[in-house]
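Visitor: Okay, here's the structure, questions in a sec.
In my numbering, the protein residues as written are 519 to 612.
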């Protein structure tokens, strides 16, 4: 299952006031709350772009993948890059 990982992406950049940051990205408060709580079934691409531009990151930094059946996915499958990253991993500073 693919999930949003926006809260962790913000944390890795040292952003503590997540709602304020997303508001600076011109994302409405209600939408920001849903994004931060991973309570969405879809996300507008313009919001993804704004977050990536402000965080100086890529889309794959905002998502994680939790495999439901690891036996059917090869270890070199591209989705493996989205497997839950270690808590101490940070988005590369540029």
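Heads up, the beta-carbon is just placed ideally off N, CA and C, and yes, glycines get one too.
These numbers were taken from a predicted model, which means no experiment stands behind them.
Below 8 Å on the Cβ atoms is my contact criterion, and I expect residue 577 with residue 553 to pass it. Report the Cβ-Cβ distance as a whole number of Å.
Guide: For the purposes of this step, residue 577 is taken as the residue at position 59 of the chain shown. For the purposes of this step, residue 553 is taken as the residue at position 35 of the chain shown. Actually they do not touch by this definition, with Cβ atoms about 14 Å apart.
Visitor: Provide the residue span of the alpha helix (DSSP H) that contains residue 528, from first to last.
Guide: For this step, residue 528 is matched to residue 10 along the chain shown. Element bounds for residue 528: 524 to 530.
Visitor: Could you tell me the distance, in whole angstroms, from the CA atom of residue 587 to the CA atom of residue 580?
Guide: By 1-based counting over the chain shown, the position of residue 587 is 69. By 1-based counting over the chain shown, the position of residue 580 is 62. Each residue's alpha carbon lies about 22 Å from the other.
Visitor: Ends of the alpha helix (DSSP H) at residue 554?
Guide: Mapped onto the chain shown, residue 554 falls at position 36. Residues 547 to 554.
Visitor: Output the boundary residues of the beta strand (DSSP E) element that contains residue 582.
Guide: By one-based count along the chain shown, residue 582 stands at place 64. Per DSSP, residue 582 belongs to the beta strand (DSSP E) from 581 to 583.
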